[in-house]
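Undergrad: If you read the sequence shown in the working numbering, its first letter stands for residue 2, the second for the next number, and so on. All C-beta atoms, glycine included, are put in the ideal place defined by N, C-alpha and C.
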Amino acid sequence: MSGTSPSSSARLSRRTALRGAAVAGTVGLGLTACSPGADGKAAAPTAPVDLGQAEDVPKGATKLFKDENVVVSRADDGTYKAFSTVCTHAGCPIRMLEGTELTCNCHGSKFDATTGKVLHEPATVPLTELKARAKGGKLIVSP
Ligand code: FES
């Protein structure tokens, strides 16, 4: 005998599962939408992601959200533009933003964060554009 009755074991499993669900619910949207892909490479959002307060990207600014693999810029008229920061050359996550210029550390590709266009090879394909909008004061980005 192990000392654990089947019913207490079942309760433990259920409790463990509920605790896991509560943790998953707490972290929610961002983690499920931006996890690495099946091959372990960086992944762009595959579902809407809450990036926090919309005002954190003021007019005329550009902000890199490393954990979500997203860059967001806001024009002077208040409209948002967002792009995946998964490099189109070989899939590295881009981690450097200077002004509006994104640099991929893997092989040196550069991109314009406001248009997604390639500024420097080896990448030849622009960054993938995402939809960005403010909703209830939150900045939401989606595929
Ligand atoms: S993966 Fe970014 S430059 Fe090669």
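Under 5 angstroms, CB to any heavy atom of the ligand FES. Which residues pass, going along the chain?
TA: Per the Cβ criterion, the list is C88, H90, A91, C93, C105, C107, H108, S110.
Undergrad: Ignore the nearest five residues each way along the sequence and tell me which others in R134's own chain have a CB closer than 6 angstroms to its CB.
TA: If we look at R134 and ignore the five residues flanking it on each side, its Cβ neighbours are I141.
Undergrad: How is K132 classed by DSSP in three states: helix, strand or coil?
TA: DSSP places K132 in strand when its eight states are reduced to three.
Undergrad: Looking at the strands, I want to know which residues DSSP matches up with S74.
TA: Its beta-bridge partners are T63, K82.
Undergrad: Exposed or buried, what is V72 when buried is set at 16 or more other beta-carbons lying within 10 Å of its beta-carbon?
TA: With 16 or more Cβ atoms within 10 Å of its Cβ, V72 is classed as buried.
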